[in-house]
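**Student:** Dropping a structure here in structure tokens format, bear with me for questions.
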Amino acid sequence: MIEAVKSQRCVLFLGAGASKEAKNLSGDKPPDSNQLRDILAEKFFRKTMTNRDVMGVAEMAIANSGSASQVYEEVRKAFTGFTPQAAHKLIPTFNWHAIATTNYDTIVEGAYEDVKTRMQQLVPIVKDDEPIDQRLREFSNPVPYLKLHGCLNHIHDSDIPPILSREVYSTYSKNRTRLFLRLQDMAFEHSFIFVGYRLDDSHIRDLIYNLGPGRRPRWYMVTPNAEQEDIDFWATKNVELIKAYFGGFMSALDKSVPPLFRRLSHSADVSDFPIRKFYSTHTVESDLANRSLRTDLTFIHSEMPIEAQTAEQFYSGYDTGWGAIVNRFDVRRQVEEDILFKAVLENEVPDGPVLIVAKGPAGSGKTVALKRSAYEAATVSNVIVLWFNSDGALRPAVFDELYELTQKPIYLFVDDVGLHVEELTTLLRHARVNKLPLVVVGAERDSDWHTYCGDLEREFPGPELKVRYLSRREINGLLDLLEKHNCLGLLAAESREERIRQFETVAERQLLVALHQLTQGRPFEEVLKLEHQRVSPEQARQLYLDIATMHQYSVSARAGTISRISGITFPDYQEKFFAPLLNIVKAETDRYSGDYSYRTRHARVAQLVFRQACSTDEQKADQFARIISGLDVGYSSDSRALEQISKGRALANTFAEPEPGRRIYEAAATVAPNQAFIYQQWALFELHHIRGSLDEAERRANQAHKIDEKNTAVIHTQAEIDRIRATKVSSALMKDQLRRRARERLNTLSNNSPYAVSSRCKLLVDEIAELNRELRDDGPEHEAIFFAEKTQEAENRIRLAMQQFPDDPDIAQIEARFREEINQEERALRALEKALRLRLRTH
Numbered sequence: 030m031i032e033a034v035k036s037q038r039c040v041l042f043l044g045a046g047a048s049k050e051a052k053n054l055s056g057d058k059p060p061d062s063n064q065l066r067d068i069l070a071e072k073f074f075r076k077t078m079t080n081r082d083v084m085g086v087a088e089m090a091i092a093n094s095g096s097a098s099q100v101y102e103e104v105r106k107a108f109t110g111f112t113p114q115a116a117h118k119l120i121p122t123f124n125w126h127a128i129a130t131t132n133y134d135t136i137v138e139g140a141y142e143d144v145k146t147r148m149q150q151l152v153p154i155v156k157d158d159e160p161i162d163q164r165l166r167e168f169s170n171p172v173p174y175l176k177l178h179g180c181l182n183h184i185h186d187s188d189i190p191p192i193l194s195r196e197v198y199s200t201y202s203k204n205r206t207r208l209f210l211r212l213q214d215m216a217f218e219h220s221f222i223f224v225g226y227r228l229d230d231s232h233i234r235d236l237i238y239n240l241g242p243g244r245r246p247r248w249y250m251v252t253p254n255a256e257q258e259d260i261d262f263w264a265t266k267n268v269e270l271i272k273a274y275f276g277g278f279m280s281a282l283d284k285s286v287p288p289l290f291r292r293l294s295h296s297a298d299v300s301d302f303p304i305r306k307f308y309s310t311h312t313v314e315s316d317l318a319n320r321s322l323r324t325d326l327t328f329i330h331s332e333m334p335i336e337a338q339t340a341e342q343f344y345s346g347y348d349t350g351w352g353a354i355v356n357r358f359d360v361r362r363q364v365e366e367d368i369l370f371k372a373v374l375e376n377e378v379p380d381g382p383v384l385i386v387a388k389g390p391a392g393s394g395k396t397v398a399l400k401r402s403a404y405e406a407a408t409v410s411n412v413i414v415l416w417f418n419s420d421g422a423l424r425p426a427v428f429d430e431l432y433e434l435t436q437k438p439i440y441l442f443v444d445d446v447g448l449h450v451e452e453l454t455t456l457l458r459h460a461r462v463n464k465l466p467l468v469v470v471g472a473e474r475d476s477d478w479h480t481y482c483g484d485l486e487r488e489f490p491g492p493e494l495k496v497r498y499l500s501r502r503e504i505n506g507l508l509d510l511l512e513k514h515n516c517l518g519l520l521a522a523e524s525r526e527e528r529i530r531q532f533e534t535v536a537e538r539q540l541l542v543a544l545h546q547l548t549q550g551r552p553f554e555e556v557l558k559l560e561h562q563r564v565s566p567e568q569a570r571q572l573y574l575d576i577a578t579m580h581q582y583s584v585s586a587r588a589g590t591i592s593r594i595s596g597i598t599f600p601d602y603q604e605k606f607f608a609p610l611l612n613i614v615k616a617e618t619d620r621y622s623g624d625y626s627y628r629t630r631h632a633r634v635a636q637l638v639f640r641q642a643c644s645t646d647e648q649k650a651d652q653f654a655r656i657i658s659g660l661d662v663g664y665s666s667d668s669r670a671l672e673q674i675s676k677g678r679a680l681a682n683t684f685a686e687p688e689p690g691r692r693i694y695e696a697a698a699t700v701a702p703n704q705a706f707i708y709q710q711w712a713l714f715e716l717h718h719i720r721g722s723l724d725e726a727e728r729r730a731n732q733a734h735k736i737d738e739k740n741t742a743v744i745h746t747q748a749e750i751d752r753i754r755a756t757k758v759s760s761a762l763m764k765d766q767l768r769r770r771a772r773e774r775l776n777t778l779s780n781n782s783p784y785a786v787s788s789r790c791k792l793l794v795d796e797i798a799e800l801n802r803e804l805r806d807d808g809p810e811h812e813a814i815f816f817a818e819k820t821q822e823a824e825n826r827i828r829l830a831m832q833q834f835p836d837d838p839d840i841a842q843i844e845a846r847f848r849e850e851i852n853q854e855e856r857a858l859r860a861l862e863k864a865l866r867l868r869l870r871t872h
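In short: position in the sequence shown from 1, add 29, done, that's this note's numbering.
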């Protein structure tokens, strides 16, 4: 146990007995369950009820008073005013993997506030849908504190009432299921220390029995009343009993783990921390900056440590980090020169933040180009270059401190910008206010940039660079590298001109796909299909598919998620599946949570594996539903995967029939019942599927609006449903009502929203199309004038929209539809001519 504590592999699990050593100003201790029962019985029934337990009394008190809030308030009063004692204040002096409790009180929170020399920052987590990894990244050295049965600070939150009555206990899972599952995820890899529980506690027994003694490390239970028979029995369950009270245990642990093993000291030597060569003072960075530069950011320099990388691995899409860049396996691209010119030469002394983005299609080589640009800027231009680690956090205070220490501009490189929009926006705003010379260079897919980064682009406009297909010069350079590293494959038998010709024939395909096809002589899709089929045993093959299903969206598959889906734990992976998946799957460790995760060698590879393995609608739906069942949306990677899987328009285009798509949304609503996004996307699916139901679309959009009434995306979806309904009904009155409601909804949205602007234009074009169909050459004059006015209004709206959003494809499509309605219909032209004559006559 001591070694597990030293290496931060312990989860401290606190029960009521641990709180009993706290005291209030009168010297009293917190009530135990029987004392709390007596307090509630006296308050609500004016008598003692010793023949019942606290749950029974609480249940009757809630029924008798007619208000659960009154009962919860008495519970809050009963546990308020108690302060942590010496034993509690020892908890913050250790590094824990996590802390969990079934207690309501805030004694541990108080201990972390009181102890200024605490090793970690406590992060209480009380419900499923809290963004746990985002919360953890707010601190430099966080420890999650899982409050499983409620908390005094949230005691009146109807989503997570204290688990006090049997009714609440039986339904606690509504918003806390994932809290318990996270504990189970930890259990396979970490030693649990239970303190303050009775040996017959049902929660502890359930946890121990469910996991089994052979599937986890040794656990420990601290209890003062253990007898030899208890010790022998629990030993068979791989649980060691420690005879002690909470205070005695913490005191003994304090003596057994010297302070040296609890805090890592940092050397002031430049060789230990190379960024210090840029410091203009002899001051050493703070602990926060030091830790952030080790976890959140990678300082790029010529002597940086790299993981081994072979040319064969790199050209097959398996990237281990910076090895390919340092070894110069990559071909120099024009976009790299553009990045260096825009970032370094044009911004040698920026007076505030600058955002530069390289955009391109999937598989075009954006990440490698970004890495090469970062490495060249650091090693050739000798500027301060930081690479943002995807599982890190962007801390404005760290960038302030680095600028104070160096007095030099900072160049931050960020891949997959769309995954980090909120953090980047916060950092750039901070830099703008404080005139911090910060140049951010990012990369993103074209599609994801338009989907996720519109607000960032509008607030911080800057140079946009295109990563396009290989030029002839780049093809020549790549062929030289393939020949140098003996990786030409089938191209080795061809002449130089033939090699160039073959590359140019596939130049518009993704770079990785083109490389495989030309060097191996087979389509890359076929290569990956065979690779997947040949993975053995079958469990390993399914594991590969599960990981690929998530990684195709550029997110890692957390080991906890995979374990819930397949039952394969990380130790199982190391023991049984590492060899069959060697060079196919890569395991990583999250720098904050310490959780393991998996990735394929490239997101494009993952996408192709999924498409090949799940070729039918049924297979796709089954696999997506399988993955969704294991997701925990409290983690950003799982939330992102769910968001990507649930895209309504994409699923509408994927499935021939609506039923497979509906199965996916039913699974999504089960794991994320309070996410408005799920129901909004379901509505979009019904709206855009050729056999979708408008009634179902409206119902799901209304569900989303009920969850989040201010969500602009939901309001826009409701407006679109009204707009499309208006084109389907025959009643002129109903058409008018639906369009009026659509406009009312759109008027609540910002005029800077491209979605609102495009929908207003669509409404006008819809009306013009209907008026066009009803026009008659011998019709009344007012109809021609009204048609002309509507046409003029639509033209003006569309022109302004195109000026406001020149790159928006939706608005361009509306403009094309408008022109088609006007130009291709003779009736429309005659009506416009008639209106013009009438106007001239009236003038």
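Built from N, CA and C at the ideal position, the CB exists for glycine as well.
By alpha-carbon positions, which one of GLU803, MET763, LEU804 and ASN825 ends up nearest to LEU793?
**Tutor:** ASN825
**Student:** Just grab the DSSP bridge partners of TRP416 for me.
**Tutor:** THR327 and PHE442.
**Student:** Give me the residue from GLY421, ILE439 and ASP420 with the minimum Cα distance to ASP429.
**Tutor:** ILE439
**Student:** Is ILE613 closer than 9 Å to TYR573 when the C-beta atoms are compared?
**Tutor:** yes
**Student:** State the Cα-Cα distance for the pair LEU210 and PRO702, rounded to the nearest angstrom.
**Tutor:** 17 Å
**Student:** Three Cβ pairs or more, each shorter than 8 Å: is that satisfied between the stretch 99-116 and the stretch 134-148?
**Tutor:** Segments in contact, yes.
**Student:** With which residues is VAL224 paired in a DSSP beta bridge?
**Tutor:** LEU43 and VAL251
**Student:** Going by DSSP, which residues form a beta bridge with ILE154?
**Tutor:** Beta-bridge partners assigned by DSSP to ILE154: LEU175.
**Student:** Give the range of the alpha helix (DSSP H) segment to which LYS106 is assigned.
**Tutor:** Judged by DSSP secondary structure, LYS106 falls within the alpha helix (DSSP H) whose first and last residues are 97-108.
**Student:** If you follow the beta strand (DSSP E) that GLU71 is in, where does it begin and where does it stop?
**Tutor:** Unbroken run through GLU71 is the alpha helix (DSSP H), 62-74; no beta strand (DSSP E).
**Student:** Do you know whose CA, among LEU804, GLY46 and CYS790, lies nearest ILE827's CA?
**Tutor:** CYS790
**Student:** Determine, using beta-carbon pairs with one atom in the stretch 351-362 and one in the stretch 548-558, whether at least three such pairs fall under 8 Å.
**Tutor:** Using a C-beta cut-off of 8 Å, the stretch 351-362 makes no contact with the stretch 548-558, since fewer than three inter-stretch Cβ pairs fall below that distance.
**Student:** Within a Cβ cutoff of 7 Å, which residues of the same chain sit near SER294, ignoring the five residues on either side of it in sequence?
**Tutor:** Legend: pLDDT at SER294 = 48, less than 50; position of this residue unreliable, value from coordinates given subsequently. Once the five neighbours on either side are set aside, SER294 has no close Cβ partner at all.
**Student:** Skipping 5 residues on each side, what residues in its chain have a beta carbon closer than 6 Å to that of SER592?
**Tutor:** THR598
**Student:** Near TYR141, what residues of its chain come up, given a Cβ to Cβ distance below 6 Å and the 5 sequence neighbours on each side ignored?
**Tutor:** PRO121, ARG147 and LEU151
**Student:** Could you check whether the stretch 395-408 touches the stretch 469-488, counting it as contact only if at least three pairs of C-beta atoms, one from each stretch, sit closer than 8 Å?
**Tutor:** yes
**Student:** Can you say whether ILE797 is buried or exposed, counting buried as having 16 or more other CB atoms within 10 angstroms of its CB?
**Tutor:** Buried.
**Student:** When the distance is taken between beta carbons, is ALA733 closer than 9 Å to ILE707?
**Tutor:** yes
**Student:** For HIS872, does the count of other Cβ atoms within 10 angstroms reach 16, so buried, or fall short, so exposed?
**Tutor:** Model confidence at HIS872 stands at a pLDDT of 46, short of 50, so the residue's coordinates are unreliable and nothing is read from them.
**Student:** For the ligand SAH, is there any heavy atom lying closer than 8 Å to the beta carbon of ALA650?
**Tutor:** With respect to small molecules bound, the structure shown includes none, and the ligand SAH cannot be examined in it.
**Student:** Pick helix, strand or coil for ALA705, following the three-state DSSP scheme.
**Tutor:** If DSSP states are grouped into helix, strand and coil, ALA705 belongs with the helices.
**Student:** If we count the other Cβ atoms within 10 Å of its Cβ and call it buried at 16 or more, is PRO191 buried or exposed?
**Tutor:** buried
**Student:** When we look at the beta-carbon of ALA406 and count the other beta-carbons within 10 Å, is it buried (16 or more) or exposed?
**Tutor:** buried
**Student:** Please tell me whether ALA129 and LEU175 are closer than 9 Å, where the distance is taken between their beta carbons.
**Tutor:** yes
**Student:** So, does the stretch 406-426 touch the stretch 329-346, judging by three or more C-beta pairs under 8 Å?
**Tutor:** yes
**Student:** Write down the C-beta distance between ALA726 and ALA712 rounded to the nearest angstrom, noting that I regard them as a contact closer than 8 Å.
**Tutor:** 4 Å
**Student:** Counting only runs that start and end within the stretch 684-749, where is the beta strand (DSSP E) found for 3 or more residues in a row?
**Tutor:** none
**Student:** Does DSSP put SER595 in a helix, a strand or coil?
**Tutor:** Residue state, collapsed to three classes: helix.
**Student:** State the DSSP-derived secondary structure class of ILE271, mapped to helix, strand or coil.
**Tutor:** Three-state result, ILE271: strand.
**Student:** Based on the DSSP output, what are the partners of LYS388 in its beta bridges?
**Tutor:** LYS388 is bridged to GLU473 and LYS495.
**Student:** Report the three-state DSSP secondary structure of ARG38 (helix, strand or coil).
**Tutor:** coil
**Student:** Can the beta-carbon of GLY15 be found less than 9 Å from the beta-carbon of GLY392?
**Tutor:** Nothing can be reported for residue 15, as the shown portion of the chain is limited to 30 through 872.
**Student:** Can you find the residues in the same chain that come closer than 6 Å, C-beta to C-beta, to ARG630, ignoring five residues on each side of it along the sequence?
**Tutor:** GLY346 and TYR347
**Student:** For ASP751, collect the residues of the same chain with a Cβ closer than 8 Å to its Cβ; drop the 5 residues on either side in sequence, then sort them by chain order.
**Tutor:** LEU767, ARG768, ARG770, ALA771 and ARG774
**Student:** Between ASN418 and LEU326, which are expected to be in contact by the criterion C-beta below 8 Å, what is the C-beta distance as a whole number of angstroms?
**Tutor:** 6 Å
**Student:** Over what stretch of residues does the beta strand (DSSP E) that includes GLU258 continue unbroken?
**Tutor:** GLU258 -> not in any beta strand (DSSP E); alpha helix (DSSP H) instead, spanning 257-264.
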